[in-house]
Amino acid sequence: MANTAPTTEQPTTGFLQSEGMRAFLKFLKDNGTLVALIALMLIFSFWDEAFFTPRNLTNLARQTTIVGIIAVGMTLVIIINGIDLSVGSIVGLAAITVTLLMQSGVNVWAAILITLLLTGVLIGLWNALWIAHYNIPPFIITLGMMTIARGIALTLSDGGSVPVTNPVFGEIGGGFFSVTVSTIVVLLILGYLLFSQYQDLRQKRQYGITVKNQELITGAVVTVLAGLIILYAFSYRGLPYPVAIFAVIAFIGSFTLQHTKFGRRIYAMGGNEEAARLSGISIKSMKIAIYCIITTLSALAGIMLASRLNGASPNLGNMFELDAISAVIIGGTSFSGGVGTIIGTVIGAFIISVLNNGMSLLEVPTFYQLIIKGGIIILAVWFDVLSKKKRG
-3 MANTAPTTEQ PTTGFLQSEG MRAFLKFLKD NGTLVALIAL MLIFSFWDEA FFTPRNLTNL
57 ARQTTIVGII AVGMTLVIII NGIDLSVGSI VGLAAITVTL LMQSGVNVWA AILITLLLTG
117 VLIGLWNALW IAHYNIPPFI ITLGMMTIAR GIALTLSDGG SVPVTNPVFG EIGGGFFSVT
177 VSTIVVLLIL GYLLFSQYQD LRQKRQYGIT VKNQELITGA VVTVLAGLII LYAFSYRGLP
237 YPVAIFAVIA FIGSFTLQHT KFGRRIYAMG GNEEAARLSG ISIKSMKIAI YCIITTLSAL
297 AGIMLASRLN GASPNLGNMF ELDAISAVII GGTSFSGGVG TIIGTVIGAF IISVLNNGMS
357 LLEVPTFYQL IIKGGIIILA VWFDVLSKKK RG
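Numbering-wise, the sequence shown is residues -3 to 388 according to the numbering used here.
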């Protein structure tokens, strides 16, 4: 009988099996959207050196704010398994309304408030009336409102542009905080995020949840790198006012979804609307609130866009609904409802802006850009379907 030497397992000490590498790979898996954003920025930086400059990054951030603000509201709508196709037309109508009001002598802040009420809250109530009380599919109602709002904008402006020269109004969409103030703000936010990650780690360990140090380190490194990129971008002229407004809206939206009763009800409605109704949630009231939020945010986006352009045209906001929906879906919100985060949507909005900005720098024709963005939406929905099948 032949003797066989005992086999001994070799320890897996290779680089790919190290704790740090496993934590890094887990981070990539859990943050695919962020990785995609970084990859796109690297690709466009390689193709055109003008992309990764403070001036272009600042412009990129400013461009993101308009669609990003709309996308925050769209996230809430899609989580409850709804849709709003009227947001782009509301942007154009709000821009025309606020400029016409100021031309007629109305005070800047009064004009903004009136515009938010008329083109934001009022249209939201109209949409919600049909959706919540008469159970008309939101696709149909908002598609109709998309046409109505665009028609009203064309009528009010006689099909032409409406200029505005008010310097106070121009500052809303075109002003900047100083570089010093911007640096202090970014550093404070960076410190808060790092502290929050540390607190989250402590809380998980108190409840007996195993969290490896490598995961904390990976998250901290990514946060610091993001902060450095932001500081580099805003070294051009400082933090733009629209970016600050967008950041505040995104923070409020994220906090509301994650830490309030209103947010929990939104997820409950998206998961199972009938079960949410039986548990005591007022479905009609929630839908009214959510559709008013998205239309008001769209009106705000239109006001900010008119401020940045020092005027308005009735065609402003054309196809913005496509970009907003793309940002939400790319950010991980499920089209079937019940799943989604504002943070994911913000990253998705930046991906859309990076694509638009990068393709414009590379002089990609507009019709090719539409094809590419449409294909991205299809891929994002496909991945969503695949992930559901995998979980099922």
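Here a beta-carbon is modelled for each residue, glycine too, at the ideal position from N, C-alpha and C.
message = Nearest by alpha-carbon distance to T252: which of I289, V218 and V220 is it?
response = Among I289, V218 and V220, the Cα nearest to that of T252 belongs to I289.
message = Here's the rule: buried if 16 or more other CB atoms are within 10 angstroms of the residue's CB, otherwise exposed. What is Y237?
response = Here Y237 is buried. Its C-beta has 16 or more other C-beta atoms within 10 Å.
inquiry  = With three or more beta-carbon pairs closer than 8 Å as the criterion, would you say the stretch 278 to 297 touches the stretch 113 to 121?
reply    = The stretch 278 to 297 makes contact with the stretch 113 to 121; the number of CB pairs closer than 8 Å reaches 3 or more.
query = Where are the alpha helix (DSSP H) runs, 4 residues long or more, that stay fully inside the stretch 41 to 95, in chain order?
reply = DSSP runs (the alpha helix (DSSP H)) wholly in the stretch 41 to 95: 50 to 75.
request  = Can you have a look at G328 and say buried or exposed, based on whether 16 or more other CB atoms are within 10 angstroms of its CB?
outcome  = Buried: at least 16 other Cβ atoms inside 10 Å.
key: Cβ-Cβ distance between I347 and L36 below 8 Å   = For the pair I347 and L36, the CB atoms are nearer than the 8 Å cut-off.
inquiry  = Assuming D196 is part of the alpha helix (DSSP H), what are its boundary residues?
reply    = In the DSSP annotation of this structure, the continuous segment of the alpha helix (DSSP H) that includes D196 starts and ends at V175 to Q202.
message = Quick check: F242 and I65, are their CB atoms within less than 8 Å of each other?
response = When the beta-carbon positions are compared, F242 and I65 come within less than 8 Å of each other.
query = Should S330 go down as buried or exposed, given a rule of 16 or more other Cβ atoms within 10 Å for buried?
reply = Burial is judged here by how many other beta carbons sit within 10 angstroms of a residue's own beta carbon; S330 has at least 16 and is buried.
ask   = How is V158 classed by DSSP in three states: helix, strand or coil?
value = DSSP, read as helix, strand or coil, puts V158 in strand.
Residue burial classification, R201 (beta-carbon count within 10 angstroms, cutoff 16) = Label assigned to R201: exposed.
task = Could you tell me the boundaries of the alpha helix (DSSP H) in which T151 lies?
result = From DSSP, the alpha helix (DSSP H) with T151 extends over P134 to S153.
query = How should V217 be labelled, buried or exposed, when 16 other C-beta atoms within 10 angstroms of its C-beta is the threshold for buried?
reply = By the neighbour-count rule (16 or more Cβ atoms within 10 Å), V217 is not buried but exposed.
ask   = When the distance is taken between beta carbons, is T341 closer than 8 Å to A67?
value = For A67 and T341, yes; Cβs fall inside 8 Å.
inquiry  = Using C-beta distances below 6 Å, list every residue in its chain close to M(-3), excluding the 5 sequence neighbours before and after it, in chain order.
reply    = At M(-3), the pLDDT of 44 sits below 50, so the modelled position is not reliable; the number obtained from the coordinates is stated separately. Cβ within range, chain order: n/a, list empty.
ask   = Quick one, are the C-beta atoms of S178 and G234 less than 8 Å apart?
value = Contact: yes.
ask   = Between T61 and the rest of its own chain, which residues show a CB-CB distance below 6 Å, the 5 nearest in sequence each way excluded?
value = Same-chain partners within the cutoff: P238, V239 and F242.
ask   = Beta-carbon separation of G166 and S303 under 8 Å?
value = Yes.
query = Based on the DSSP output, what are the partners of G370 in its beta bridges?
reply = Beta-bridge analysis with DSSP links G370 to no other residue.
query = Any chance the stretch 47 to 61 sits against the stretch 273 to 284, with 3 or more Cβ pairs inside 8 Å?
reply = The stretch 47 to 61 is not in contact with the stretch 273 to 284.
Alpha helix (DSSP H) segment containing V324, residue limits = The continuous alpha helix (DSSP H) containing V324 extends over residues F316 to I326.
message = Going by DSSP in three states, P393 sits in which element: helix, strand or coil?
response = No information on residue 393 is available, as it lies outside the stretch -3 to 388 that the chain covers here.
task = Just confirm the distance between the C-beta atoms of T29 and G344, as a whole number of angstroms; I'd bet it's less than 8 Å.
result = About 6 Å separates the two Cβ atoms, so the contact holds.
key: Cβ of L109 within 8 Å of any chain C Cβ   = No chain C is part of this structure, which consists of one protein chain only.
inquiry  = Quick test of your reading: T95 and V164, contact by CB under 8 Å. State the CB separation rounded to the nearest angstrom.
reply    = Incorrect: roughly 14 Å between the Cβ atoms, too far for contact.
request  = May I have the straight-line CA-CA distance separating F99 from Y263, to the nearest angstrom?
outcome  = Looking at the sequence provided, one finds Gln at residue 99 rather than Phe. Those two C-alpha atoms are separated by around 43 Å.
task = Compute the Euclidean distance between the alpha carbons of S356 and T143, then round it to the nearest angstrom.
result = The alpha-carbon atoms of S356 and T143 are separated by roughly 28 Å.
task = Grab me the residues of A376's own chain with a C-beta within less than 7 Å of its C-beta, minus the 5 sequence neighbours each way, in chain order.
result = Beyond the five residues adjoining it in sequence on each side, A376 comes within less than 7 Å, by CB distance, of I325 and I326 in the same chain, given in chain order.
key: Sub-8 Å separation of I86 and T111 beta-carbons   = Their beta carbons are not under 8 Å apart, which means I86 does not touch T111 by this criterion.
ask   = What is the DSSP secondary structure of F172, counted as helix, strand or coil?
value = DSSP places F172 in strand when its eight states are reduced to three.
Minimum C-alpha distance to L183 - residue among L221, Y203, G147 and L197 = For the residues L221, Y203, G147 and L197, the minimum Cα distance to L183 belongs to L221.
task = Would you mind giving the Cβ-Cβ distance between L89 and G298, rounded to the nearest angstrom? I have them listed as a contact below 8 Å.
result = At roughly 7 Å, the Cβ-Cβ gap stays under 8 Å, so L89 and G298 are in contact.
request  = My understanding is that T219 touches L189, with C-beta atoms under 8 Å, so please give their C-beta distance in whole angstroms.
outcome  = That belief holds up - the Cβ atoms of T219 and L189 are roughly 5 Å apart, short of 8 Å.
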